[in-house]
Amino acid sequence: MDLLEYDAITLVITFLGTMFLIGELLVNMRGIFGILGIGFITIFFYSYLAPSMFLIMMFVYVIGLLLIIIDGKLLNDGTLAVIGMVCMLIAVGFTAPNWVAALYSIIGVILGAAASLFFLKAFKRRDMWSKIALVDQLSSEAGYNTVTEDYRSLRNKQGTTMTDMRPVGTILIEGREYSAVTNGQWIPKDTEVQVVDIDGTKILVKKK
Numbered sequence: 107m108d109l110l111e112y113d114a115i116t117l118v119i120t121f122l123g124t125m126f127l128i129g130e131l132l133v134n135m136r137g138i139f140g141i142l143g144i145g146f147i148t149i150f151f152y153s154y155l156a157p158s159m160f161l162i163m164m165f166v167y168v169i170g171l172l173l174i175i176i177d178g179k180l181l182n183d184g185t186l187a188v189i190g191m192v193c194m195l196i197a198v199g200f201t202a203p204n205w206v207a208a209l210y211s212i213i214g215v216i217l218g219a220a221a222s223l224f225f226l227k228a229f230k231r232r233d234m235w236s237k238i239a240l241v242d243q244l245s246s247e248a249g250y251n252t253v254t255e256d257y258r259s260l261r262n263k264q265g266t267t268m269t270d271m272r273p274v275g276t277i278l279i280e281g282r283e284y285s286a287v288t289n290g291q292w293i294p295k296d297t298e299v300q301v302v303d304i305d306g307t308k309i310l311v312k313k314k
């Protein structure tokens, strides 16, 4: 019997496809994970769709993936990444042959995205997500200080935004660039700001 006749197989295929594709974005695997991910996702869409719908749903899925890439490369606030994930869920959900398979495929995408984070522990990670989240745990046991003297000295100092703060961005203080965040406030580029708090290595600023 064809394995694709089982609804649960959609979970396996979408899990592996999503895990490898997002894993390719997180770690530097020279395209190997990307090829594997595209292969599994192509099998999923091609198995359940006519050629015309295959192109449409594949397009929606790829658009979702591109939004995640754009968020990681440019915006770094998570908004487009969430929209991209929703696009991927919609694509696999509407592709599945019935609602049970649709549920399995959606769960597969979610679990695959979560499982891809484990690649960060085993492979060299890319730098595209460094502004939105601090992946490594900075602890005294790992050889780091929770708050360095350099960061302590920035409290109450004034600087200028080098990029738009939405709410994460880059600021310039005394000729040195730092990654900083506002308290939910969007601040345009070239605006004077003041450091109001230091939490670990996170610099909280406000508009002067």
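Heads up, the sequence shown is in this note's numbering, so the first residue is 107 and it goes up one at a time.
Just so you know, even glycine gets a beta-carbon here, dropped at the ideal spot from N, CA and C.
As the structure is a computational prediction, the values presented were derived from the model and not from experiment.
Check, Outcome
"At least three beta-carbon pairs within less than 8 Å, the segment 173-182 to the segment 151-164", "no"
"First and last residue of the uninterrupted alpha helix (DSSP H) at Ser-153", "138-154"
"Contact check, Leu-117 vs Ile-213, beta carbons under 8 Å", "yes"
"Residue range of the unbroken beta strand (DSSP E) whose run includes Ser-285", "282-288"
"Residue of Asp-270, Leu-155 and Leu-195 minimising C-alpha distance to Ile-169", "Leu-195"
"Secondary structure of Arg-258, DSSP reduced to three states", "helix"
"Whole-angstrom distance between Tyr-210 and Ala-114, CA atom to CA atom", "6 Å"
"Nearest candidate by alpha-carbon position, reference Ile-309, set Phe-224, Leu-171, Ile-277 and Glu-298", "Ile-277"
"Residue-level contact to chain C via CB, Arg-272, 8 Å cutoff", "No chain C is part of this structure, which consists of one protein chain only."
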